[in-house]
């Protein structure tokens, strides 16, 4: 007994499946993005930016040196 496709013309081809490494990579990237968002919303890590390493006396706001 031979296996027959439901479509007699043989057009029952499905698109190729996504490789496992792509699925794992997407899951890891998604988890990292979710972790980043949770940490930002929780306020963990403090303020970021170029002025965070300067003392408060050395910050020039809106002026020219």
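Residue numbers (my numbering): 876 to 940. Even for Gly, the Cβ is constructed at its ideal location relative to N, Cα and C.
Taking the Cα positions, residue 909 is about 25 Å away from residue 927. The DSSP-derived three-state label of residue 919 is coil.
Looking at the backbone, the Cα of residue 925 and that of residue 915 are separated by about 18 Å.
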